[in-house]
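Under mature numbering (1 follows the signal peptide of the UniProt record, and there is no 0), residues -20 to -1, 1 to 542 are what the sequence shown spells out, in order. Positions of the beta carbon are idealized from the N, C-alpha and C atoms, including for glycine. Contents: one structure, followed by commentary.
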Amino acid sequence: MKSVCLILFLLCLPGFQALAYDRITGAPFATRSEVIATQGMAATSQPLATQVALDILKQGGTATDAAIAANAMLGLVEPTGSGIGGDLFALVWDAETKQLYGLNASGRSPRSLTADVFKQQGMTKIPSFGPLPVSVPGAVDGWFELHEKFGRLPMTTLLSPAIEYARKGFPVSEVVAYYWQMNAERIGHYQGFADIFLPSGKVPKKGDIFKNLGLAATYEKIATGGRDAFYKGDIARVIGAYMKEQGGYLSYDDLAAHTSEWVTPVAANYRGYDIWELPPNGQGIAALQILNILEQYDIEGMGFGSADYIHTFVEAKKLAFEDRARYYADPAFNTLPVNGLISKDYAQQRRQLIDPKKAAKRYDAGVIDGDTVYLTVADSEGNMVSLIQSNYRGMGSGMTPPELGFILQNRGELFTLEPGHNNEYKPAKRPFHTIIPAMVTRNGKPWLSFGVMGGATQPQMHAQIIVNLIDFGMNLQEAGDAPRFIHTGSSSPTGALMKDGGSVSLESGIPRTSIRELQERGHRIEDKLGIYGGYQAILYDADKQIYIGASESRKDGQAAGY
């Protein structure tokens, strides 16, 4: 009934645009129907990766096996958002133990690089590109940690599809081609980039066949030699030598010392649903803080797309992000008040600061004691994996070691050089991280595995998906396709401070009346394109014993099952 009322409500809104033509079912903004299957489901941001995941499931692989295979494939077919030069985070629901597990596979800063190096070069912040923001890539170790605990098929089987596609070539998809061009313009001049990613000296266009023989060879070494082939073998030596040549600090020893960490996921209950995120150094708990603040409001009564809802949400986001700016960092270097930040009592204190009729120019953090790919896979045994992986800024730092077929990440940019800050740059430290996987359980059973790509915007998009599903009664596809609004300009763990209230960007489909009301309340409205992320999700309907999958229209992605 909620979905029907929502559709009628939206159709009556002044200025509402039906973005998906005239579908005969579902909300007018939905781009397609949900995908429904019984045995397994995969949802990724590129259809070829989704098909690889399904093939692995059909060979008897677990959800984790399929996720690893899909992630390897994405590193080939979507290098604009992923690759083994980056980091990885994952949540895994294990049907056998009936438990949720969390993996932090993010890398640390070079041990020989100190903050004095930046200061000696007159830098007040860590640069976005080049050798200085490069940190240890954690994705490959993450694969092997996941595989050892939850895998079944050999790694040679899991990596073979990506190896074959890398050798024979694949047609570049539309959104990937767009971002490839953008990345080439800013990092294409770095040594080694053109040799791999500009075949014949040009950026591949939509439909062009692209091969990556270097990546095929690298994947083969990893498949047969294990994680040590990457961190302690020839690959590590090539990376170390290249970085030294480029004036960087990441070394063979840094790679050899790398380890991932199994962590305990944290949750907040929102209207009877437990929303699970990973603790810092990631930003997942910001989504929980937003939802805790929103829970005491009548969100359903406000209505989707209304000025009241958007205003309340944006102010809740501002509050959560002030805490994010102050507290979120590597817990190995700080005592972080995670439980306090996601408590209901703390949310009640913060909620009191919101003026329902006026946008705040700034908030202070509370006082507490004490460019990316996302994929999700579920198998016939009830296992679910929520995995996110990224090089950070699109294709990463631009540092492209010779003949390896991938680019190293630039996650080190997300440190601050401010002395005494939780996220202050230090050697062998993990930077603040933006990529966050999520899961939702209900009554102790898995209900939803989902994620939304989009850098610092991810927590607010996580919260919007949850509100769309629970408060507004949207189905899984509608929840991702629904017009989004994004607040930018908050204070940041990198040292930036919000003093002017930031700005709000809204997708087509938000009523003009709501936009005018938001402006009257003091919100600065900006028109931005491409900041609204990319969503994949799998929902398990326990009553019908079916999987429901969704992949939105903002990416090239696909959800498919069998």
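At a Cβ-Cβ threshold of 9 Å, Gly502 and Ala339 count as neighbours.
In the three-state DSSP reduction, Asn84 falls in the strand class (E or B). In this structure, the straight-line span from the alpha carbon of Glu225 to that of Ala309 is close to 30 Å. Checking the DSSP bridge columns, you'll see Thr94 has no partner listed.
In the three-state DSSP reduction, Asp74 falls in the strand class (E or B). In this structure, the straight-line span from the alpha carbon of Lys99 to that of Arg166 is close to 24 Å. For a cut-off of 8 Å, the C-beta gap from Gln438 to Arg464 is around 12 Å, too long to register as a contact. Annotated as proximal: Met419 and Leu80, with beta-carbon spacing under 9 Å. If only complete runs of 4 or more residues are kept, the segment 448 to 482 shows the alpha helix (DSSP H) at 456 to 461, in order along the chain. Partner residues in the beta bridge of Gln538, as assigned by DSSP, are Thr24. Contact between Gly541 and Gln26 does not hold, since the beta-carbon distance rounds to 17 Å and is not under 8 Å.
At least 9 Å separates the beta-carbon of Thr414 from that of Thr356. Taking the Cα positions, Asn363 is about 29 Å away from Tyr512.
For Thr137, the enclosing alpha helix (DSSP H) starts and ends at 135 to 148.
Around Arg147, the same chain offers Ala196 as residues with beta carbons nearer than 6 Å, after the five sequence neighbours per side are excluded.
Separation of Val432 and Gly205 (C-alpha to C-alpha, rounded to the nearest whole angstrom) is 33 Å.
Residue state for Pro8 is assigned as coil, using DSSP reduced to three classes. Residue Gly434 holds the alpha-carbon nearest to the alpha-carbon of Gly61 among Phe452, Thr493, Leu477, Gly434.
DSSP lists Gly529 as the bridge partner or partners of Val15. In this structure, Val218 lies away from Glu58, with their beta-carbon atoms at least 9 Å apart. Leu71 and Pro245 have their C-alpha atoms roughly 8 Å apart. Annotation for Phe430: the continuous beta strand (DSSP E) segment containing it runs 425 to 433.
Segment contact: the segment 470 to 489 against the segment 36 to 54, fewer than three CB-CB distances shorter than 8 Å; contact not assigned. Counting the other Cβ atoms within 10 Å of the Cβ of Asn192 gives 16 or more, which makes it buried.
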